[in-house]
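J.: I'd like to ask you about the structure that follows.
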Amino acid sequence: MSTFFQYGGRGNTRMANDKIYYLECNAGTVFQICAKFHEVELVMFWARYLVIDRWRCLCEGSFVRRSASDFRNSWAERLPDSLEVYYAFQVHLVPVEPWMAVMRP
């Protein structure tokens, strides 16, 4: 999986002070937000729209995957609107999966 965008974390000196990125995925895709801990990359959540500046990332339409205890059923659970992320992460553009269509509050 290739990285679509990489955010260096709060106060990222590689981004200009006045630079703002507006990322919106196409129909049939979502952004997968992954953070790297040591040598392991973990999926943190998925989002449909990102606004990124030097100090933070604002995420809209964010959700996580939830599953039943037997892992037979999965669904998307919404995260709070205007979720702000300050740590470094990678953004991957991935196709929508069937479980993402089942949204629970």
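Numbered per this note's numbering, the sequence shown spans residues 26 to 130.
C-beta: ideal position from N, C-alpha, C; glycine also.
When you compare only the Cα positions, how much space is there between Ser107 and Val89?
T.: Approximately 15 Å between the Cα atoms of the pair.
J.: Report the residue ranges of all beta strand (DSSP E) runs contained in full by the stretch 64-113; include only those spanning at least 3 residues, in chain order.
T.: Within the stretch 64-113, the complete beta strand (DSSP E) runs of at least 3 residues are 65-72, 74-77, 82-85, 88-92, 99-103 and 108-110.
J.: Taking the C-alpha atoms as reference points, what is the distance between Glu49 and Arg73?
T.: Spanning the two alpha carbons is a distance of roughly 6 Å.
J.: What residue does the beta strand (DSSP E) around Cys59 start on, and which one ends it?
T.: Thr54 to Phe62 is the extent of the beta strand (DSSP E) around Cys59.
J.: May I ask you to report which of helix, strand or coil DSSP gives Met40?
T.: The answer is coil: DSSP assigns Met40 none of H, G, I, E or B.
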